[in-house]
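Trainee: This is the structure I have questions about; it appears just below.
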């Protein structure tokens with residue numbers, strides 16, 4: 007059995023709405039940011055792995071009731087996607103555009119990055135984004151609003167200490183000292199991104215989704231006989247689980 011390839015950076019380049027359960031339509035006031043931070047496999051070959059994840063995560067969000075006009079997409083190779091027409095992945099543009107969108111939106115925030123990662127951060131458009139950079143991006147746009155942050159990359163657990171907040175749920179593809187997998191030439195998605203997509207159906211809300219993803223990744227890595235599992239991490243703030251329980255996913 008081939009050994010799954012790591013998704014490392016260094017391999018390729020140095021508001022609570024009330025007591026009643028909310029309907030899916032209430033997600034239409036949320037601001038969402040979905041970023042594909044690179045376009046290469048572990049070996050450096052061109053690949054749509056991260057863009058495949060970006061496109062299909064956006065489709066999943068729309069299925070939950072997120073408004074298309076409230077979803078920002080970024081890609082390193084935007085010209086290759088004539089259908090969704092993402093913007094060019096650039097850290098400054100991402101920060102500026104998401105802050106603008108969040109100001110126009112009255113609900114929570116959803117942030118998803120998928121890319122190669124290293125022990126200092128993740129790759130976004132040819133440059134690194136550190137935990138401090140990510141914390142500033144989210145805080146400037148969302149402040150203390152109900153926020154879900156997903157970081158799909160090797161070593162992405164490093165982001166949790168800087169991002170942790172009572173009003174945030176954070177899900178990362180790996181521990182701070184572990185790689186993640188699925189960045190080879192034959193992969194359509196990273197293992198983690200695929201598990202997120204597979205876990206939306208059957209999940210009641212974002213907290214349950216996060217735990218379902220952990221189980222999915224563990225099962226996949228066990229099946230692939232990976233010696234050092236990635237161990238995706240979940241951080242749930244003191245009040246965010248109750249806040250998110252009001253936003254129930256529609257049946258699928």
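In this note's numbering, the protein residues as written are 7 to 258.
In this text, a Cβ means the ideal position worked out from N, Cα and C, and glycines have one as well.
1. Please report the distance separating the alpha-carbon of residue 39 from that of residue 229.
2. Which residue from 153, 234, 143, 189 puts its Cα closest to that of residue 244?
3. On the three-state DSSP scale, how would you describe residue 252?
4. Roughly how many angstroms lie between the CA atoms of residue 132 and residue 248, to the nearest whole one?
5. Which of the three DSSP states is assigned to residue 130 in this structure?
6. Per DSSP, which residues does residue 2 bridge with? Please list them.
7. Reducing DSSP to helix, strand and coil, say where residue 106 ends up.
8. Three-state secondary structure (DSSP) at residue 215?
9. Mind checking residue 186: buried by the 16 CB within 10 Å criterion, or exposed?
10. In its own chain, which residues sit with a C-beta less than 8 Å from the C-beta of residue 196, not counting the 5 before and 5 after it?
11. Measure from the alpha carbon of residue 125 to the alpha carbon of each residue in 219, 162, 103, then state which is nearest.
12. Rounded to whole angstroms, how far is the Cβ of residue 175 from the Cβ of residue 250, which I believe are closer than 8 Å?
13. Check the C-beta distance from residue 235 over to residue 219 and give it rounded, since I have them as a contact under 8 Å.
14. Straight-line CA distance for residue 223 to residue 43?
15. Verify whether the separation of the beta carbon atoms of residue 33 and residue 71 is less than 7 Å.
16. Please determine, among 52, 122, 89, 76, the residue with the shortest C-alpha to C-alpha distance to residue 111.
17. I'd like to know whether the C-beta atoms of residue 148 and residue 99 end up nearer to each other than 7 Å.
18. Does DSSP classify residue 83 as helix, strand or coil?
19. Exposed or buried, which one is residue 191 when buried takes at least 16 other CB atoms within 10 Å?
20. Assuming residue 151 and residue 127 are in contact, meaning their beta carbons sit under 8 Å apart, how far apart are those beta carbons, in whole angstroms?
21. Give a yes or no on whether the C-beta atoms belonging to residue 61 and residue 102 are separated by under 7 Å.
22. Alpha carbon to alpha carbon, what distance is there between residue 202 and residue 215?
23. Roughly how many angstroms separate the alpha carbons of residue 36 and residue 50, rounded to a whole number?
24. Does the Cβ-Cβ distance between residue 95 and residue 81 come in under 7 Å?
25. Can you tell me which of the three DSSP states residue 165 falls into?
26. Taking C-alpha atoms, which residue in 122, 73, 130, 123 lies nearest to residue 93?
27. Under 8 Å Cβ to Cβ from residue 67, same chain only, skipping five residues before and after it: list those, please.
Mentor: Inspection of the coordinates gives the following:
1. Here residue 39 refers to the residue found at position 33 when the chain shown is read from its first residue. Here residue 229 refers to the residue found at position 223 when the chain shown is read from its first residue. In a straight line, the C-alpha of residue 39 is about 32 Å away from that of residue 229.
2. Walking along the chain shown from the start, residue 244 turns up at place 238. Of the listed residues, the one whose Cα sits closest to residue 244 is 153.
3. As a first step, residue 252 must be located in the chain shown, where it is residue number 246. Looking at residue 252 - three-state DSSP - the assignment turns out to be coil, as it is neither helix nor strand.
4. Position 126 of the chain shown, counting from 1, holds the residue named residue 132. Position 242 of the chain shown, counting from 1, holds the residue named residue 248. Using only the alpha carbons, I get a separation of about 38 Å.
5. In the chain shown, counting from the first residue as 1, residue 130 sits at position 124. Note: residue 130 maps to strand in three-state DSSP.
6. A question about residue 2 goes unanswered here, because the residues of the chain that appear run from 7 up to 258.
7. On the chain shown, residue 106 is found 100 positions in, with the first residue counted as 1. Helix at residue 106.
8. For this step, residue 215 is matched to residue 209 along the chain shown. Three-state result, residue 215: helix.
9. Here residue 186 is taken as the residue at index 180 of the chain shown, counted from 1. Residue 186 comes out buried.
10. On the chain shown, position 190 is the one that residue 196 refers to. Hits under 8 Å: 13, 55, 56, 59, 120, 158, 179, 186, 187, 188, 189.
11. Taking the chain shown and counting its residues from 1, the one referred to as residue 125 is at position 119. Closest by alpha carbon: 162.
12. Start at 1 with the first residue of the chain shown, and residue 175 comes out as number 169. Start at 1 with the first residue of the chain shown, and residue 250 comes out as number 244. Residue 175 to residue 250, Cβ: 6 Å. Contact.
13. Here the question's residue 235 lines up with position 229 in the chain shown. Here the question's residue 219 lines up with position 213 in the chain shown. No, residue 235 and residue 219 are not in contact; Cβ-Cβ is about 14 Å, not under 8 Å.
14. As a working note, residue 223 is residue 217 in the chain shown. As a working note, residue 43 is residue 37 in the chain shown. Cα-Cα distance, rounded: 21 Å.
15. Taking the chain shown and counting its residues from 1, one reaches residue 33 at position 27. Taking the chain shown and counting its residues from 1, one reaches residue 71 at position 65. Contact: yes.
16. Within the chain shown, the letter at position 105 stands for residue 111. Comparing Cα positions, the closest option is 76.
17. For the purposes of this step, residue 148 is taken as the residue at position 142 of the chain shown. For the purposes of this step, residue 99 is taken as the residue at position 93 of the chain shown. No, the pair does not count as a contact, with Cβ atoms beyond the cut-off.
18. Here residue 83 refers to the residue found at position 77 when the chain shown is read from its first residue. In the structure shown, residue 83 sits in coil (DSSP, three-state: anything other than H, G, I, E or B).
19. In the chain shown, residue 191 corresponds to position 185, counting from 1. By the neighbour-count rule (16 or more Cβ atoms within 10 Å), residue 191 is not buried but exposed.
20. Start at 1 with the first residue of the chain shown, and residue 151 comes out as number 145. Start at 1 with the first residue of the chain shown, and residue 127 comes out as number 121. That pair is no contact at about 24 Å.
21. Here residue 61 refers to the residue found at position 55 of the chain shown. Here residue 102 refers to the residue found at position 96 of the chain shown. No; because the gap between Cβ atoms is not below 7 Å, this pair is not in contact.
22. The residue given as residue 215 occupies position 209 in the chain shown. The residue given as residue 202 occupies position 196 in the chain shown. Each residue's alpha carbon lies about 8 Å from the other.
23. Here residue 36 refers to the residue found at position 30 when the chain shown is read from its first residue. Here residue 50 refers to the residue found at position 44 when the chain shown is read from its first residue. If I take the Cα positions, the gap works out to 35 Å.
24. In the chain shown, residue 95 corresponds to position 89, counting from 1. In the chain shown, residue 81 corresponds to position 75, counting from 1. Yes, the pair counts as a contact, with Cβ atoms nearer than the cut-off.
25. On the chain shown, residue 165 is found 159 positions in, with the first residue counted as 1. Residue 165 falls in the helix class under three-state DSSP.
26. Reading the chain shown from its first residue, position 87 is the one you call residue 93. For the residues 122, 73, 130, 123, the minimum Cα distance to residue 93 belongs to 130.
27. Here residue 67 is taken as the residue at index 61 of the chain shown, counted from 1. These residues qualify, in order along the chain: 33, 38, 40, 77, 116.
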